[in-house]
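Protein chains in written order, with my numbering: chain A, 17 to 361; chain B, 17 to 361. Beta carbons are placed, not taken as given, at the ideal position from N, Cα and C, and that holds for glycine.
Number of protein chains: 2
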Amino acid sequence: MSTMKRTRVTLRDVARRLDVHPSTVSRVLNPRTRSMVADAMAERVMEAVEDMGYRPNPFAYSLKTNRSFIIGVLIPDITDPLFPPIIQGVERTMAAAGYTTILADTDNDPERQRVNFDIMRERQVDGLIIATARYEDPVIEEARSGDIPMILVIRTIADPEMPCVINDDAHGIGLIVSHLAALGHRRIAHIAGPQDVSTARVRHRAFEVAMRKAGLEPDPALIQICCSFAEDEGRGAASDLLERGEKFTAMVAANDLLAIGCLDAVKLFGKRCPEDISVTGYNDMPFVDKIQPPLTTVRIPHDEMGAMAARLLLKRIEGDATASGSIAIRPELVVRESTGPVPTA
Amino acid sequence: MSTMKRTRVTLRDVARRLDVHPSTVSRVLNPRTRSMVADAMAERVMEAVEDMGYRPNPFAYSLKTNRSFIIGVLIPDITDPLFPPIIQGVERTMAAAGYTTILADTDNDPERQRVNFDIMRERQVDGLIIATARYEDPVIEEARSGDIPMILVIRTIADPEMPCVINDDAHGIGLIVSHLAALGHRRIAHIAGPQDVSTARVRHRAFEVAMRKAGLEPDPALIQICCSFAEDEGRGAASDLLERGEKFTAMVAANDLLAIGCLDAVKLFGKRCPEDISVTGYNDMPFVDKIQPPLTTVRIPHDEMGAMAARLLLKRIEGDATASGSIAIRPELVVRESTGPVPTA
DNA sequence: TGAATATTTGCAAACGTTTGCAGGGTTGCT
DNA sequence: AGCAACCCTGCAAACGTTTGCAAATATTCA
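Next comes the structure, spelled out in structure tokens:
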């Protein structure tokens, strides 16, 4: 075996060695055309392919067929613990189906979202999984009519026709609110997320309807809207509430990161959680059971959602355009120590 | 503007429109050959390119040039909070340089590492950033002689010639041990990581030399070796120690995840941290300051390391093969509340 | 002015596949 | 035996670029 394998072995090389035409080799290798060639020949071909260590050139293939077997994933911020499990779910099921995943982190910036979207388009990805959707998202809207299949995950857009894999936010918030109501809380604050992303928006609405359903009137003074799903935003919003001297015994944060910020604020103002104020999160992200106090939150199976989105996308790519339909997963409540009975004031 | 843009516009299309040869257009677009064509012509070409919305076909380009402008990243487990910042660092600097990043999660499995490595090879990546190296790693060893540039990050292999971006583990462990020694600890346990990865191995050795340098003799009975960097491994190892009734006042875990497991075990056995036993981690991963008690650990700038690895790789890809050399970053100690003075027994 | 040289563009052959079409050889059927 | 039907394989034209070489034109210089 020569150590100088200058150039990779090509379809033509193996054809030459067998003294057949390249197309024959090609046909043997392609399952769809495999049956066109005689078994004996196929046998010989496979042997030579094996022996020579032939590997198809993906560029030539893609150039010819316009299929890249690459799918793109758009993530708002990969350091947010929410997203790695999703990526993992996507990557696994895609890899199993023979696809490679290319990743772009948009840093929560619509401008970078657009740029990355274009890059993926130029790379001719076979499909796109998007976790960066804003509620009204021009990039996605205008790309919909395009030729490239895409699935939203976690966040969706205004148009209900858009295929997506999300969780049932209304249900999740319902669980939280009735949990708190059952503990006797009546004055409950809501630390809402950025209203241009669907999850934050829906959770906000859901909070109000859940309150009413529990026989409580949501107080506008107790609703704070944050600009992003970040810890310090949560801290700021909760501090605001506390500073203004608002009266409340529980805070429903739109996500775990915000909730952690709230916890900070509670400590900062010399209050205790849950004795003075209960706090809840959303997502049950990793390690949220290790913080002090362990956070009551809502669990979403993020990896599973990634996998589902991938499967949905595969169906679309493989032409089953009818196989549309979105999926909304039912989250479950996980009660820990950040919620407790309302203080007997 | 027709809404039916059936097929993307090609180099030939814009050439035809200008009544020039495709090669001319190609030359205008390529910075290296740009000077070959007259300015006036170049002007016209650019205009047409702009106007027709021409985008080069990456497959054709790659097929011709054997350059993919794709780099691969091999990660052992993307849900380990250690790695997202690295990925982010890599992705950002690569994107800025015009490269796309493809990601593979090997799930800590050598077999999957090999498979993913091969896939990337077949995809003709221009370079590889590898965070999955084991100390003796046949896959990497045998790929070294290959044509494809690669940089290790975080973990390295036995051969010191291999280019990598790591942290100075010996220094980091030194900081930890002298911190504990200064607090009066004399019987210090070490919860080591899997010895087939360089970080765990080096930290283990470093622990012993740091102990001696502090005038203490490391007790083999106080050294536990875990099979993976996982929480439950840490819990198991620490429980073992406690169950055996070993006497010690501090535990140096090889990383934060193991440390969290240790903390669990301490609680489980009715001890308090840091009053009874001090615990330290390594990495200063996100949220480790929020757990109870906030963890004393060693900080590594993961995103920065990702970026450095990317820059190093770019240099190699761009032919500056001389620009080798590895980088070892000096970590810093961050003291929180999981370490305290030795209990006055 | 004429030859040498420099500048600009065109030509055509790749790069490694896929695939419609056609031809040659077998087989089956009447 | 003759014809149709089939099965297998080869042929050649793509796919959209890049690039060495040649040709044509413009410039320089003595």
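In chain A, what lies closer than 8 Å to residue i by C-beta?
i	result
B:S78	F75
Name the DSSP bridge partner or partners of residue i?
i	result
A:V181	A:V169 and A:I343
B:Q240	B:I207
A:R315	A:N299 and A:E348
B:S376	This structure leaves residue 376 of chain B out entirely; chain B is present only between 17 and 361.
B:A120	B:L90
Taking only the alpha-carbon atoms, compute the straight-line gap between residue i and residue j and give it to the nearest angstrom.
i	j	result
A:A226	A:V141	42 Å
B:V350	A:Y77	52 Å
B:M17	A:G162	In this prediction, B:M17 scores a pLDDT of 38, lower than 50, which makes its location untrustworthy; the coordinate-derived value is nonetheless stated afterwards. When rounded, the distance between both Cα atoms is 15 Å.
B:T19	A:R139	Low confidence applies to B:T19: its pLDDT is 37, below 50, so where it sits in the model is not reliable, and the reading given next is rough at best. One C-alpha to the other measures close to 22 Å.
A:K21	B:M166	For A:K21, the pLDDT reaches just 46, beneath the cut-off of 50, and the residue's location in the model is therefore unreliable, although a value from the coordinates is still provided. Each residue's Cα considered, the two are about 19 Å apart.
B:I343	B:E177	12 Å
A:F245	B:D93	24 Å
B:D125	B:D175	21 Å
B:M301	B:D272	7 Å
B:N183	B:G105	16 Å
B:E107	B:G188	27 Å
A:R83	A:L330	13 Å
B:K287	A:P101	34 Å
B:V169	B:A270	17 Å
A:G356	A:V193	13 Å
B:E191	B:E348	One detail in the question is off: residue 191 of chain B reads as Leu in this sequence, not Glu. Distance between the alpha carbons of B:L191 and B:E348: 8 Å.
A:D134	B:K229	57 Å
B:T312	B:V282	15 Å
B:V268	B:G341	31 Å
A:I146	A:I316	18 Å
B:V131	B:T360	55 Å
Counting C-beta neighbours from all protein chains within 10 Å, is the total for residue i 16 or more, i.e. buried, or is it exposed?
i	result
A:E259	exposed
B:M52	exposed
B:M62	exposed
B:R251	buried
A:R217	buried
A:N46	exposed
B:M68	exposed
B:G231	exposed
A:D96	buried
B:A56	exposed
B:L284	exposed
A:D336	exposed
A:E291	exposed
Listing by chain order, which chain B residues have their CB less than 9 Å from the CB of residue i?
i	result
A:P97	T95, P97, P100, P302 and F303
A:I307	F303, K306, I307 and Q308
A:R71	D134, R137 and E138
In chain A, which residues lie less than 9 Å from residue i when you measure between Cβ atoms?
i	result
B:Q240	By Cβ distance, chain A contributes nothing, its closest Cβ being about 21 Å from B:Q240, past 9 Å.
B:E107	I94, L119, A120 and D121
B:I135	A111 and T116
Excluding sequence positions up to five away, which residues of its chain have a Cβ less than 7 Å from the Cβ of residue i?
i	result
B:R28	P38
B:I333	D142, G143 and P165
B:C242	I207, A208, G209, P210, E249, G250, A253 and L274
A:D185	T215, V218, R219 and A222
A:V213	R150, Y151 and R171
A:L49	The amino acid at residue 49 of chain A is misidentified as Leu; the sequence shows Thr. Result list for A:T49: R43, in chain order.
B:V304	D272, G297, L311 and T313
Below 8 Å CB to CB, which residues in the same chain sit around residue i once its five sequence neighbours on both sides are set aside?
i	result
A:R327	T109
B:F85	P74, S78, G114, Y115, T116 and D142
A:A111	T117
A:E320	G105 and I345
By Cβ distance below 6 Å, which residues in the same chain neighbour residue i in space, the five residues on each side in sequence not counted?
i	result
A:F264	R203, A205 and L238
B:A266	L196, H201, I204 and S294
A:D121	I91 and I94
A:R137	none
A:V181	V169, M321, M324, A325 and I343
At 7 Å on the CB atoms, spell out the chain B contacts of residue i, in chain order.
i	result
A:I103	I94
A:V276	Note that residue 276 of chain A is Ile in the sequence shown here, rather than Val. The contacting residues are K306.
Starting from residue i, find everything on chain A with Cβ-Cβ shorter than 7 Å and list it in chain order.
i	result
B:P293	At residue 293 of chain B the sequence reads Ile, which differs from the Pro that was named. Ordered by position in chain A, no residue passes the 7 Å Cβ test against B:I293, which lies about 17 Å from the chain.
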